[in-house]
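Worksheet: the structure to be examined is printed underneath.
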Amino acid sequence: MEKFTTHTGVAAPLKRSNVDTDQIIPAVYLKRVTRTGFEDGLFAAWRNDESFVLNKPEYAAASVLVAGPDFGTGSSREHAVWALQNYGFKVVISSRFADIFRGNSGKAGLLAAQVDEKVVQKIWDHLDDHPGATVTVDLESRTVKAGEGPDAIEDSFDIDDYTRYRLLNGLDDIGITLSSEAEIAAFESKRPSWKPATL
Amino acid sequence: MGKTLSEKVWDEHVVRSAEGEPDLLFIDLHLIHEVTSPQAFDGLRLAGRKVRRPDLTLATEDHNVPTLDWDKPIADPVSKTQVDTLRKNAEEFGVRLHPLGDVEQGIVHVVGPQLGLTQPGMTIVCGDSHTSTHGAFGAIAFGIGTSEVEHVLATQTLMQAKPKTMAVTINGSLPEGVTAKDMVLTLITHTGTGGGQGYIVEYRGQAIEELSMEGRMTVCNMSIEWGAKAGLIAPDQTTFDYIEGKPEAPKGADWDAAVAHWKTLVTDEDAEFDKEIVLDASEMTPFVTWGTNPGQGVPLGGNVPDPESFDDEQDRIGAENALKYMGLEAGMPMRDVHVDTVFVGSCTNGRIEDLRLAAEIIKGHKVADGTRLLVVPGSVRVRMQAETEGLHEVFIEAGAEWRGAGCSMCLGMNPDQLTPGERSASTSNRNFEGRQGKGGRTHLVSVPVAAATAVRGTLSSPADLSELAGAGA
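Protein chains in written order, with the numbering used here: chain X, 1027 to 1225; chain Z, 4 to 476.
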């Protein structure tokens, strides 16, 4: 996984709550057996609508998505994270993420930055005034920044310590776990014999 | 201080625990299907890794499979590739697979319990959010993403931060004709889609204890729809009776040892939950959704709500968008909503008890003109059992379509989809925009409401059918 330290990019406002993973990528787009190419299904139902935020030229290069609460609810499909990444997003900012989506983001290297609902609103207001403006997300200091001068926005975001550590260092989870192989083997040797097996 | 049920199960599975790190949890059973596993197996191959415990892994084909012509090659080439990929991976890595055509094939969350692989006190994961279903047996069961599927394949463990605990106590008894589905839909409207976030939930109370295993699975299945990490129910005699004799259940002395342990899996009297919700089952009624998330529901006897009635701005905007998408007007009685397609099936309501209930209500009636009824068993075993009992004849005589086993119209990855603007009453778990087909409009309902709706063509309860008969119609 690539290391993530800080990112500055065009921010797109997605002014909706409860954006479930079926909206992020509908099931019919999940049939690939690769981790790439899912950008075609990203927000598929909304992309035909000219007024949809990602269809506006000022957001063509967006890499930060600023969404309403309860982002990523529903299905466990990691394809939702891949679709966002394949499209070019590095960061999603929201006031509340569904657990599985948050976990998948951390594993795949998409930063899910949780901020106060008021911060989302401030960034949305800023983007209304300055379409195509950039937002900076600094994982080291856990801060989001937008704008300049007296109206500048600077606030902190939440991410659990362990995910932050892994993202900052670009660490592979499986590699970390396999360093505990002896502990796993010891645990296995003590499991009751009546526990079910498939083979 | 004592421990809650979920804390007991969690603590029994901790391989390694360290300050500032998530716990490393051992996984007792890893279920796999074709959609969320191909990239995980690819990852293993790239790293030169093996499946650590194929003997704790089980694969089945469910999301993509057709429910018609299942004896022929899958017509959709992309679906076929995905299914073929699972078959190749299962063979290469030595994983037991129940493919299309196999007698044990079906929806992964129906197959695990019916094989007896789902048992109390286990940790069970699958690359599917409805893995919470298995919590009905007193297991910690939750959905994971593909990166985690790869992690479990390689290590048989997962790194997990310990969630908070919540008790949902449902007192009283459900009235006649009100089901586990109505109970959980009522709960989700009460909490909202994010109300369970960060918690493992224990469902308890008289109404939960009175549920069958099928009903308990329906409740736990929808834990994810209000954001919970997992939902579980303490195992009791109902649980033991369900498991005993199943193909993979412990036998002889093993059975006695297992049951002795399972009986310890209850929340201690002095244990404390981080949060508690209390509801009264005796006040519950048939419950249906009007919107585009499972938290947007009302009693069947109610009306489509006015978006202005919501205090929270996001809820108001959400309701406005939902009504527009659903083609509904505020104030309209739910019973006036005409339904094009009724879907009975899914990991929420596709078990034998569900089909028995649907058949009992439909018997002697016909599916309404202009409405179609799809009955999709959750597994081949459920289908065979239903046919042994003659349920399929009841459905076919009523004019319903009797299909093969799979996820089917719950998510429309196979050809069973709604067309734009088509409206369904569905016993499944999600009414998201486009979930059952692009532009499709979904109302989540219980099995009795689905069956009665198929007969009347508008959202209905079985009580409405007796009125139909009384009016001489």
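Glycine included, every Cβ here is placed at the ideal spot set by N, Cα and C.
Taking the beta carbon of Tyr-1188/X as reference, the chain Z residues within 9 Å of it are Gly-23, Glu-24, Pro-25, Met-162 and Ala-164, listed in sequence order. For Met-4/Z, the secondary structure class from DSSP, reduced to helix, strand or coil, is coil.
For Gln-1111/X, not one C-beta of chain Z is nearer than 8 Å to its own C-beta. Taking a C-beta cut-off of 7 Å against chain X, the contacting residues of the region 401-432 of chain Z are Leu-414, Gly-415 and Met-416, listed in chain order. Of the other Cβ atoms in all chains shown, 16 or more fall within 10 Å of the Cβ of His-101/Z; this residue is therefore buried. Cβ contact annotation for Trp-1108/X (same chain, cutoff 8 Å, sequence separation greater than five): Arg-1061, Thr-1062, Phe-1064 and Ala-1134, in chain order.
Taking all protein chains in view, the Cβ of Ala-1211/X is surrounded by fewer than 16 other Cβ atoms within 10 Å, so the residue is classified as exposed. Under DSSP, Gln-1140/X takes part in a beta bridge, and its partners are Ser-1120/X and Asp-1184/X. For Ile-1119/X, no chain Z residue has a C-beta closer than 7 Å to its own C-beta; the minimum C-beta separation is roughly 16 Å. With respect to the 8 Å criterion, Gly-138/Z and Leu-34/Z are not classified as neighbours on the basis of their beta carbons. For Ala-50/Z, the three-state secondary structure derived from DSSP is helix.
Just measuring C-alpha positions, the residue of Val-68/Z, Ala-455/Z, Met-329/Z and His-193/Z sitting nearest Lys-1057/X is Val-68/Z. By the neighbour-count criterion, in which a residue is buried when 16 or more other Cβ atoms sit within 10 angstroms of its Cβ, Thr-422/Z is exposed. Not a single CB atom of chain Z sits nearer than 8 Å to the CB of Val-1090/X.
For the 8 Å CB-CB criterion, Val-379/Z and Gly-415/Z do not form a contact. Ala-144/Z is bridged by DSSP to Ile-127/Z. By alpha-carbon distance to Ile-227/Z, the top candidate from Arg-406/Z, Asp-26/Z and Asp-131/Z is Asp-131/Z.
One alpha carbon belongs to Val-54/Z, the other to Ser-285/Z, and they sit about 48 Å apart.
Taken in chain order, the members of the region 225-241 of chain Z whose beta-carbon sits within less than 7 Å of a beta-carbon on chain X are Gly-230 and Lys-232.
For Ser-1101/X, the chain Z residues whose Cβ falls inside 7 Å of its Cβ are Ser-132, in order along the chain.
Proximity to Ile-355/Z across Ala-403/Z, Val-262/Z, Val-450/Z and Leu-282/Z peaks at Val-450/Z, based on C-alpha coordinates. If you draw a straight line from the Cα of Gly-146/Z to the Cα of Asp-1177/X, it comes to about 42 Å. By the CB criterion at 8 Å, Gly-199/Z and Gly-230/Z fall inside the cutoff.
When C-beta distances to chain Z are compared with 7 Å, the residues of the region 1196-1212 of chain X below that value are Asp-1199, Ile-1200, Thr-1203, Leu-1204, Ser-1206, Glu-1209 and Ile-1210, in chain order. Excluding its 5 nearest sequence neighbours in each direction, Glu-95/Z has no C-beta neighbour in its own chain below 6 Å. For Gly-255/Z, the enclosing alpha helix (DSSP H) starts and ends at 255-265. Taking 8 Å as the cut-off, the beta carbon of Leu-118/Z is found no closer than this to the beta carbon of Glu-64/Z. The residues Pro-1157 and Gly-1158, in chain order, have a CB closer than 6 Å to that of Glu-1084/X in the same chain once the five nearest residues on each side in sequence are set aside. Within chain X, not a single residue places a beta-carbon under 8 Å from that of Phe-313/Z; the smallest gap is close to 12 Å. Neighbours of Asn-1044/X in chain Z, taken as residues whose beta carbon is under 7 Å from its own, are Thr-196, Asn-296 and Gly-321 in chain order.
For His-112/Z, the closest of Leu-32/Z, His-264/Z and Arg-459/Z by C-alpha to C-alpha distance is Leu-32/Z. Put simply, the CB of Phe-29/Z is near chain X, with a gap under 8 Å to one of its CB atoms.
Arg-1073/X and Val-1090/X have their C-alpha atoms some 17 Å from each other. In the displayed model, Gln-42/Z falls within a helix according to three-state DSSP. Glu-425/Z and Gly-1114/X have their alpha carbons spaced roughly 34 Å apart. Secondary structure of Pro-465/Z (DSSP, three-state): helix.
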